[in-house]
Structure formats: structure tokens, C-alpha cells
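Presented below is the structure to which this report refers.
2 protein chains.
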Amino acid sequence: MGFQPYRSPSTGRPVRAVLFDTFGTVVDWRTGVARDVAAFATEHGQDLDADAFADQWRALYQPALDAIRSGQRSFTKLDTLHRENLDEALRHYGINPDRLPGESLEELNKSWHRLPPWPDSVQGLARIRRRYIVGPLSNGNTPLLLDVAKNAGLPWDVIVGSDMTRTYKPLPQAYLRTAEFLDLHPGEVMLAAAHNSDLLAARESGLATAFVGRPTEYGPGQVADLAPEGDWDLAASRITELADQLGA
Amino acid sequence: MGFQPYRSPSTGRPVRAVLFDTFGTVVDWRTGVARDVAAFATEHGQDLDADAFADQWRALYQPALDAIRSGQRSFTKLDTLHRENLDEALRHYGINPDRLPGESLEELNKSWHRLPPWPDSVQGLARIRRRYIVGPLSNGNTPLLLDVAKNAGLPWDVIVGSDMTRTYKPLPQAYLRTAEFLDLHPGEVMLAAAHNSDLLAARESGLATAFVGRPTEYGPGQVADLAPEGDWDLAASRITELADQLGA
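Residue numbers (the working numbering), protein chains in the order written: chain A, 31 to 278; chain B, 31 to 278.
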């Protein structure tokens, strides 16, 4: 009969699509952003700790999404939020963004499009792809996710960006509308993520769940998400290990 | 400096994404559907000319889309239209679909998900993908296009189905919304298609255009779309030849 897809004990259904949180789970945003920040700082004669700046920039991410999740602000794509947050991060470091060339800031904002994959990502995704649909389930907008994939060589089958679902994780519609776009029951979709809160929300929306540990996503001093904190269907420390667990 | 993308003389812009009409241009729907119709006819003891039945089924496609394009009917996905048209095609041959098992009809409807690629498609797309974004620009809905891609091995970067644009070619919004989802100017998007009418509509929406000849799409007696009928930017008889022309 051939391949038997993994059946999630929590959903009771065979998994058809394995969708990945992307920033942190598949690509290493901190290394990628810090690299471009360092080059930017050198070019413009700014004295910046590139790692700390990357952390600061990222720290503004959830608050920016919160304004949209709460309905205070209408849906705005992540590229735009990143650009606004860049200005705010610069001001945090006492740098006036209005004194820097707009083109250079746009270019630096594109650092989120050029993130390196974790060492196991490309091979792991390629293996899982042979047996399942693979794609991102990310707060990124489609062109951002597409650029990330092209630059990192991620072999997605399909990209349903947040600009298509018009909402942001961890709101339930982010998971449910993605499943709907794929004509799948939520229980046939597995979210693979390095963040326990994301997995919790996915489970509450009826998805299958897999934790992929990324203990240095936030650098060597990371304190959160070092291990699975829920009874997720699967837990792995690499996407290639997840491929093993999925029989792919 | 590296690769210089093809610049369309008609749009004056470099092409960033090469998007393909899919049914007919990339995959051979007639052969694939007829194959499954023949198996279905044998299984259910029906006497059917499988090629003629495939043609009849496909002949109902444009009228079904017309009802939606004209606003008579609200947006309905292609999988549903195919299923309705299957019933109508059976009745055309004097077969009452209500006397056949629903599951078998659903399965036969899935023949549109399992179409063989033309011999040059996979290699041609893989080559173009190294230098450009590649994807479908089709009236198919996303899960249908995804299945077609998985089954035929089409290496798309991204799939923006008609369920995302909520409209059908050749209405301008089908082309324009697709470009918008990719954050591209319409002139940075090239439509590659075997159908002159599709290319005409794409050009009128400001896209770059490439004709890919498929002179046997409708079988050996095909009379239309045997050659480019407009001053399209490019014309090729295979997708691999288009890859050459695009420098990919």
C-alpha cells in the first residue's frame, strides 16, 4: 500500500501538511540581521552592538503585532512593521533615522529577507517534502517569505502568508484560514515550531504539533523555549530528526 | 555584477517572476483526464470515448467561468466547477451521474489534480527558477494547483491560486492581484502561456508575455493557438527554450 503518513494522537488524523514557523524555527534571524546591522553600522560610521541591536529590533515585533491583533490597527504587513520598528530601534540607540539615507534603511530592512537557514533546515524540509506538503505558517507576508525561501534555498511547496490570512498568530484564524486555503482539516495540518506559545495556540485550533528546539535562537543566553513545555505530538532538536519521526 | 534578468521591451522593466498558465501550458490535461476517464469507464461498464469525453468536460470550463466573471454567480472554486461539469458531461453522453457512486465521481474529478507535465516542463521550470521567481498564474484554486505540482514534480516557488485573487482570467484583476501578492510591478511579471487570449489580457494589464506553443493540447486535430498571434515579448516551443531566451 505504500507510505503511511504520521497520525497525530491528539487530532486522530493523518498529517498531510507540515507547516513551519519560519523566523527562529527554520531560519536564524538573529545571525542574519546582526550581520547586516554590522555592515550598515560600518558603512554609516555608527557604533552599534549588532547582536544587541538585532535583539532590540526583534523585541519590538510582538508589540507591533499586538496592535493589529487587538484591532487597534488594521492589518499591516510585516515588512512595513519591520521598517517602522527599525526606526524605533535606531532611536533607542540615540540614532535619528531621518538623518540616514532612506534607501540604506530600506536595504537594511531587507535583512529579514536574507536570513540563513539553520544547518539542518534545507535537508530536513527536502526530506519531509517527499511525503507531505511543506510550507511556512508564519507571520511573514508572502513576498517576504518567498525571498527568505529563495535566499535560503527552502523547498516549500506552497506559501500562505499572513497577507493571505489577514491575521497574525497566535490568533486562531491564522491557523484555521491556512488549513482552509489548503483544503485540509486543521487536524491534518501539523505546526512545527520552536516556540511553545505558538504550538499551544495551534493545538487549541486543532492542529497537530511538533516542537523543534532552537536553544540559541536568541543567542547564547537564551532562557525560554529551551525544551517542549507541552505534550506536543512530536519533539525534535533538528528538522532532519523531525523527518525521521514523520517517516520521511 | 552577475545575472542580468531579461528586460521586457513592452514593459521596459526587468522580469522578476515568470508565471505560467498551467492547464495546457505546463501540464497535459487532455492526456491525464482521458487516462482516468478510460479507467473509470472500464470500472463502471460505461462505453465512452475517453478523449472525446475529456474534450467535452473541458468545453464546459469557459462557460462555467463566464457565469462568475460576469457576476451572475459568486466566486466558486475550480474544483467545484469541474465537479458540476463532470455531471453535465456525463449527461451529455446519456449517463445519469446520480446512478454512479459519488465517491467514484469525486475520484474522477481528482483527475485534474494528477495531470502529467509536458516533457520539457519540469526541467524548464527548474532552470528558470534559478534566476526568477516561478509560479502558476492559473484559474486553478491553490490546493488543486498544489496537488498538480506535487504529482507532476513542478518546482514552483509560490502558488497564488484563483481562490486568493477571487477572480478568473482573463479579467484584469486576476493578473494584477497576483502581481500585488508578490509585491511586484505588473511589468516585472511575465505570463507564459499557450493561449493567445490569455497573453492578450496579460499584456493589457501591463505584464510581460511569452508564448509557449502546445500544438497538441487539444489533440492531433488542434486548430487554434498553433502559433503566437501577437507581438509577444518571447515565443518558444518548449519551456526549456524559454529558459534559454531568459538567460536561465
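Ideal placement from N, C-alpha and C gives every residue a C-beta, glycine not left out.
Everything numeric in this text was worked out from a predicted model, so none of it was measured.
Item to complete: Express the C-alpha separation of A266/A and P149/A in angstroms, rounding to a whole number.
Response: Residue mapping note: residue 149/A aligns to position 119 of the first sequence, counting from 1. Residue mapping note: residue 266/A aligns to position 236 of the first sequence, counting from 1. Just so you know, the alpha carbons of P149/A and A266/A end up roughly 14 Å apart.
Worksheet item: Using the beta-carbon of each residue, which ones in chain A are nearer than 9 Å to F70/B?
Response: As a working note, residue 70/B is residue 40 in the second sequence. Here the premise fails: no neighbours, minimum Cβ distance about 21 Å.
Worksheet item: Is the shortest distance between the beta-carbon of I158/B and the beta-carbons of chain A less than 7 Å?
Response: The residue given as residue 158/B occupies position 128 in the second sequence. For I158/B, the answer is no, since every Cβ of chain A falls outside 7 Å of its Cβ.
Practice prompt. Might you give, ordered along the chain, the residues of its own chain that have their beta carbon closer than 7 Å to the beta carbon of P166/B, omitting 5 neighbours on each side?
Written response: Here residue 166/B refers to the residue found at position 136 when the second sequence is read from its first residue. For P166/B, where only same-chain residues beyond five positions count, the Cβ hits under 7 Å are L49, F50, T52, L175, W186, I189.
Fill in: 7 Å Cβ cutoff, P166/B in contact with chain A
The residue given as residue 166/B occupies position 136 in the second sequence. Not closer than 7 Å to any Cβ of chain A, the Cβ of P166/B fails to qualify, so no.
Item to complete: Could you work out which residues of chain B lie near V213/A, taking near to mean beta carbons separated by less than 7 Å?
Response: Along the first sequence, read from residue 1 onward, the residue named residue 213/A stands at position 183. Contrary to the premise, residue 213/A reads as Asp rather than Val in this sequence. In chain order: P173.
Worksheet item: In its own chain, which residues sit with a C-beta less than 7 Å from the C-beta of A84/B, not counting the 5 before and 5 after it?
Response: Counting from 1 along the second sequence, the entry for residue 84/B is found at position 54. Result list for A84/B: R60, V63, A64, V67, in chain order.
Discussion item. Please identify the residue among H215/B, G249/B, G251/B, A254/B whose C-alpha is closest to the C-alpha of T41/B.
Written reply: The residue labelled residue 41/B in the question sits at position 11 within the second sequence. Of H215/B, G249/B, G251/B, A254/B, the residue nearest in Cα terms is H215/B.
Worksheet item: Can you list, in chain order, the residues of its chain whose CB lies under 8 Å from that of Q34/B, leaving out five sequence neighbours each side?
Response: Residue mapping note: residue 34/B aligns to position 4 of the second sequence, counting from 1. So the qualifying residues of the chain are P44, G277.
Discussion item. Rounded to the nearest angstrom, what separates E259/A and N226/A at their Cα positions?
Written reply: Along the first sequence, one-based indexing puts residue 259/A at 229. Along the first sequence, one-based indexing puts residue 226/A at 196. When rounded, the distance between both Cα atoms is 6 Å.
Practice prompt. Taking 8 Å as the threshold, find out whether the region 241-249 of chain A comes into contact with the region 235-248 of chain B through three or more Cβ pairs.
Written response: no
Discussion item. I need the DSSP call for E53/A, collapsed to helix, strand or coil.
Written reply: Residue 53/A sits at position 23 when you count from the first residue of the first sequence. In the sequence as displayed, the identity of residue 53/A is Phe instead of Glu. DSSP places F53/A in strand when its eight states are reduced to three.
Practice prompt. Below 9 Å between beta carbons is the criterion; list the residues of the region 180-203 of chain B that meet it against any residue of chain A, in chain order.
Written response: K180, P185, W186, D187, V188, I189, V190, G191, D193, M194
Item to complete: Please go through the same chain and pick out, in chain order, the residues whose beta-carbon is closer than 6 Å to the beta-carbon of R268/B, but skip the five residues on each side of it.
Response: To locate residue 268/B, count along the second sequence from 1; it is residue 238. D150, listed in sequence order.
Discussion item. Please tell me whether L176/A has its Cβ less than 7 Å away from any Cβ of chain C.
Written reply: No chain C is part of this structure, whose protein chains are labelled A and B.
Worksheet item: What residue range is occupied by the uninterrupted alpha helix (DSSP H) comprising A71/A?
Response: Here the question's residue 71/A lines up with position 41 in the first sequence. Start and end: 59-73.
Item to complete: Let me know the beta strand (DSSP E) ranges lying completely inside the region 143-198 of chain A, each 3 residues or longer, listed in chain order.
Response: Within the region 143-198 of chain A, the complete beta strand (DSSP E) segments of 3 residues or longer fall at 163-166, listed in chain order.
Discussion item. Let me make sure I understand the geometry here. Which of T55/A, P39/A, A71/A has the alpha-carbon closest to that of D255/A?
Written reply: Here residue 255/A refers to the residue found at position 225 of the first sequence. It is T55/A.
Fill in: Per-residue DSSP class, three states only, for T207/A
Counting from 1 along the first sequence, the entry for residue 207/A is found at position 177. Residue identity check: residue 207/A is Arg in the sequence provided, not Thr. It is helical.
Practice prompt. Please classify P44/A: does DSSP put it in a helix, a strand, or coil?
Written response: The residue you call residue 44/A lines up with position 14 of the first sequence. If DSSP states are grouped into helix, strand and coil, P44/A belongs with the strands.
Worksheet entry | A204/A to S38/A span [Cα, whole Å] | One-based indexing of the first sequence puts residue 204/A at position 174. One-based indexing of the first sequence puts residue 38/A at position 8. Between A204/A and S38/A, the C-alpha separation is close to 20 Å.
Discussion item. Judging by CA-CA distance, which residue of D109/A, N115/A, A80/A is the nearest neighbour of L90/A?
Written reply: For the purposes of this step, residue 90/A is identified with residue 60 of the first sequence, where counting begins at 1. Looking at the Cα atoms, N115/A is the closest of the given residues.
Worksheet item: In angstroms, rounded to a whole number, what distance separates the CA positions of L201/A and D58/B?
Response: Here residue 201/A refers to the residue found at position 171 of the first sequence. Here residue 58/B refers to the residue found at position 28 of the second sequence. In a straight line, the C-alpha of L201/A is about 41 Å away from that of D58/B.
Worksheet item: Using the beta-carbon of each residue, which ones in chain A are nearer than 8 Å to I163/B?
Response: As a working note, residue 163/B is residue 133 in the second sequence. In chain order: L176, K180.
Worksheet item: Given that a residue counts as buried once 16 or more other Cβ atoms are within 10 Å of its Cβ, and exposed if not, what is T208/B?
Response: The residue you call residue 208/B lines up with position 178 of the second sequence. Its Cβ being crowded by 16 or more others within 10 Å, T208/B is buried.
Worksheet item: In terms of alpha-carbon separation, which member of W87/A, E133/A, D128/A lies closest to H112/A?
Response: Sequence index remark: in the first sequence, residue 112/A carries index 82 (1-based). When each option's Cα is compared against that of H112/A, the closest is W87/A.
Worksheet item: E137/A to R144/A, Cα distance in whole Å?
Response: For the purposes of this step, residue 137/A is taken as residue 107 along the first sequence, with counting starting at 1. For the purposes of this step, residue 144/A is taken as residue 114 along the first sequence, with counting starting at 1. Roughly 11 Å separates the two Cα atoms.
Worksheet item: Terminal residues of the continuous alpha helix (DSSP H) containing F83/A?
Response: By 1-based counting over the first sequence, the position of residue 83/A is 53. Run containing F83/A: 80-89, per the alpha helix (DSSP H) assignment.
Practice prompt. Report buried or exposed for D96/A, applying the criterion of at least 16 other Cβ atoms within 10 angstroms of its Cβ.
Written response: Taking the first sequence and counting its residues from 1, the one referred to as residue 96/A is at position 66. By the 10 Å Cβ count, D96/A comes out exposed.
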